[in-house]
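Notes for the one structure printed next.
2 protein chains.
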Amino acid sequence: MISAMEQTGRTATKRRAIQVAATEVFLQHGYLGASMDEVAAKAGVSKQTVYKQFENKERLFADIVLGTNDQLAVNLAAAYAETLEGATDAREALRALAFRLLESLTADHVLQLRRLVIAEADRFPEVCGAWFTRGFEKSLETLGQALAGLTGRGLLRELDDPTLVAYQFAGLVMYKPMNRAMFAGTRVRPEPGELDRIADSAVTVFLSSYGADR
Amino acid sequence: MISAMEQTGRTATKRRAIQVAATEVFLQHGYLGASMDEVAAKAGVSKQTVYKQFENKERLFADIVLGTNDQLAVNLAAAYAETLEGATDAREALRALAFRLLESLTADHVLQLRRLVIAEADRFPEVCGAWFTRGFEKSLETLGQALAGLTGRGLLRELDDPTLVAYQFAGLVMYKPMNRAMFAGTRVRPEPGELDRIADSAVTVFLSSYGADR
DNA sequence: AGAAAACTAGACTGTCCAGTATGATTTCGG
DNA sequence: CCGAAATCATACTGGACAGTCTAGTTTTCT
Chain A
0 MISAMEQTGR TATKRRAIQV AATEVFLQHG YLGASMDEVA AKAGVSKQTV
50 YKQFENKERL FADIVLGTND QLAVNLAAAY AETLEGATDA REALRALAFR
100 LLESLTADHV LQLRRLVIAE ADRFPEVCGA WFTRGFEKSL ETLGQALAGL
150 TGRGLLRELD DPTLVAYQFA GLVMYKPMNR AMFAGTRVRP EPGELDRIAD
200 SAVTVFLSSY GADR
Chain B
0 MISAMEQTGR TATKRRAIQV AATEVFLQHG YLGASMDEVA AKAGVSKQTV
50 YKQFENKERL FADIVLGTND QLAVNLAAAY AETLEGATDA REALRALAFR
100 LLESLTADHV LQLRRLVIAE ADRFPEVCGA WFTRGFEKSL ETLGQALAGL
150 TGRGLLRELD DPTLVAYQFA GLVMYKPMNR AMFAGTRVRP EPGELDRIAD
200 SAVTVFLSSY GADR
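Just so you know, the sequences run in chain order A and B.
For the first sequence, the positions run 0 to 213 when numbering that gives the first Met the number 0 is used.
For the second sequence, the positions run 0 to 213 when numbering that gives the first Met the number 0 is used.
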């Protein structure tokens, strides 16, 4: 399981091809809109092989959803590290972080995955709930830790509940652009100037509560 | 069109029954999962009548989505009025507003509609985009106006961009509970104590930037 | 090499569903 | 009360698709 990516046998290779293809198909068409024939074709594999690897469509879906966290988690961890760890100026660091978050989370495939999970939240409550806990919530807890780290360097004041503070930062920065991206389709893009205003203002509000200089 | 709800003829009555039934079916099963037979059965109407009133499934969907804003808009307007208009204490007023927002927006049918719109954002970009502009964005602009009204009564300081401030308030209050409600299925409910902490802290952060007393 | 396991192409089953057609019945305006 | 329009129940068409089956081919392991 840990070494899923390291397997090189024919079976493992084909399994991975199926996962890649299925991810593409599910993200593009949704659960009901996805066809197993298309998955097989896109994976360059026969339908039998798909059903040998994954009992049925539901299992394949679960596998895809739960397997698609890693990239984003790594990406976000990098964003935290690069923007916060060496920082000396709180405002600049938080601004940079805000942009990295916006960039990471409005990437097309991230939005599509989130749409998929939301759409199927009632059909697959366990899978979607697990995705949320292990992906979404975990990312914000990690962000909380990263923010708490700024306290140690005198850039923020003491935080009682770093996770809550992380949600507040995320909410200030992303509530508007994220909702637009989710609701208004992948096509609509905000003008760059707007993201600047949002990030600037969010950081100002954030620092007026949590900045080290009162 | 304006008087759709006032029509009493047989045709108009049946048309409304179809809309009600279709709303239920689409919200429950999603676009692809919804069946026109179920809509007809639930409306107590023959399939022919459905197709006489609505050209096809797509049109029915569009009609449903675009017709489902009014209740929530009215609800939110009431929330703004009741919590802000007579207020004398900014903290108390904003706390009350926060709870009203959470209550209104985590209602089951609201969540289901939002899931539906998000899920179909790529399939029906015009319809979902229109829903977003006329429903979501409009609500936040209205909230901005309501908040700006607090400035006049000395409860908040001057707001350069009331809409942006409204998004920040909404983000502070709802980013966490709304995401959980959207992703983790309708079943998961936060403990009441958590909403208290979120609302309290959000209002504190908000006021430390926008409160009239510095 | 040779047997076992994996894979392939393609046909097939059963089901579901959007949308149409039909012929009988009900409603309603004049 | 009569005729037009609306509605009803029901059956049908055509297509999509999940999942199975078969018979032949390729890979892998020993």
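Every residue gets a Cβ at the ideal spot worked out from N, C-alpha and C, and that includes glycine.
Below the 7 Å Cβ cutoff, chain A contributes P124 as neighbours of R186 of chain B, in chain order.
Between the stretch 108-127 of chain B and the stretch 26-44 of chain B, the count of C-beta pairs closer than 8 Å reaches three or more; the two stretches touch.
The contact set of T203 of chain A on chain B, defined by CB atoms closer than 9 Å, consists of S208 in chain order.
Rounded to whole angstroms, A183 of chain A and V172 of chain A show a C-alpha spacing of 18 Å.
L65 of chain A and L93 of chain B have their C-alpha atoms some 38 Å from each other. In this structure, B:G128 is the residue among B:A40, B:H108, B:G128 with its C-alpha nearest to the C-alpha of R186 of chain A.
Excluding five sequence positions before and after A145 of chain B, the CB atoms of its chain that fall closer than 7 Å to its own CB belong to Y79, L83, given in chain order. Cβ-Cβ distances below 7 Å link Y166 of chain B to L139 in the same chain, with the five nearest sequence neighbours on each side left out; the list follows chain order.
Across the set B:A118, B:F135, B:G151, B:E190, the C-alpha of B:G151 shows the shortest separation from the C-alpha of T87 of chain B.
Any Cβ of chain A closer than 8 Å to the Cβ of M35 of chain B would place that residue at the interface, and such an atom is absent. For D212 of chain B, the nearest beta carbon of chain A is not closer than 8 Å to its own beta carbon.
Boundaries for T132 of chain A: no alpha helix (DSSP H) harbours it, and the DSSP string shows neither H nor E there. Judged by DSSP secondary structure, F25 of chain B falls within the alpha helix (DSSP H) whose first and last residues are 9-32. Exposure of V73 of chain B is indicated by the presence of fewer than 16 other C-beta atoms within 10 angstroms of its C-beta. For the pair T162 of chain A and G148 of chain A, the CB atoms are not nearer than the 8 Å cut-off. Excluding residues up to 5 positions away in sequence, A78, T82 lie with their Cβ nearer than 7 Å to the Cβ of R99 of chain B in the same chain.
Under the 8 Å criterion on CB atoms, V44 of chain A is classed as non-interfacial with respect to chain B.
Within the same chain, Cβ atoms closer than 6 Å to the Cβ of A42 of chain B are found at A16, I17, A20, the five residues on either side in sequence being excluded. Per DSSP, the beta bridge partners of G210 of chain B are B:L155. Using a Cβ-Cβ cut-off of 7 Å, S103 of chain A is close to nothing in chain B; its nearest Cβ partner there is about 16 Å away. Leaving aside the five residues that flank H108 of chain B on each side, the residues in its chain whose CB is nearer than 7 Å to its CB run, in chain order, L26.
Here N68 of chain A carries a coil assignment [DSSP, helix/strand/coil].
In the structure shown, N178 of chain A falls within a helical segment according to DSSP collapsed to helix, strand and coil. Cβ contact annotation for R90 of chain B (same chain, cutoff 7 Å, sequence separation greater than five): V202, L206, in chain order. Taking the C-beta atoms as reference points, N68 of chain B is found no nearer than 8 Å to F135 of chain A.
Chain A places a beta carbon closer than 8 Å to that of N178 of chain B, counting this residue as a contact.
The continuous stretches of alpha helix (DSSP H) do not include T105 of chain A, and DSSP gives it neither H nor E. Of the candidates B:G192, B:G85, B:L71, B:L71 places its Cα closest to the Cα of T105 of chain B. Check the Cα spacing between D62 of chain A and each of A:G8, A:Q6, A:D121, A:E125: the tightest is with A:E125.
Contacts with chain A at 8 Å (Cβ-Cβ) do not include V38 of chain B. Neighbourhood of F135 of chain A in chain B, by CB distance below 7 Å: N178, F182, in chain order. Of all alpha-carbon atoms in A:D121, A:A95, A:G210, A:A39, the one lying nearest the alpha-carbon of L154 of chain A is that of A:G210. For V187 of chain A, there is no enclosing alpha helix (DSSP H), since its DSSP letter is neither H nor E. In the DSSP assignment, V49 of chain B falls within the alpha helix (DSSP H) that extends over 46-52.
Across the structure, W130 of chain A and P189 of chain B are spaced so that their CA atoms are roughly 17 Å apart. Here DSSP, grouped into helix, strand and coil, assigns N55 of chain B to coil.
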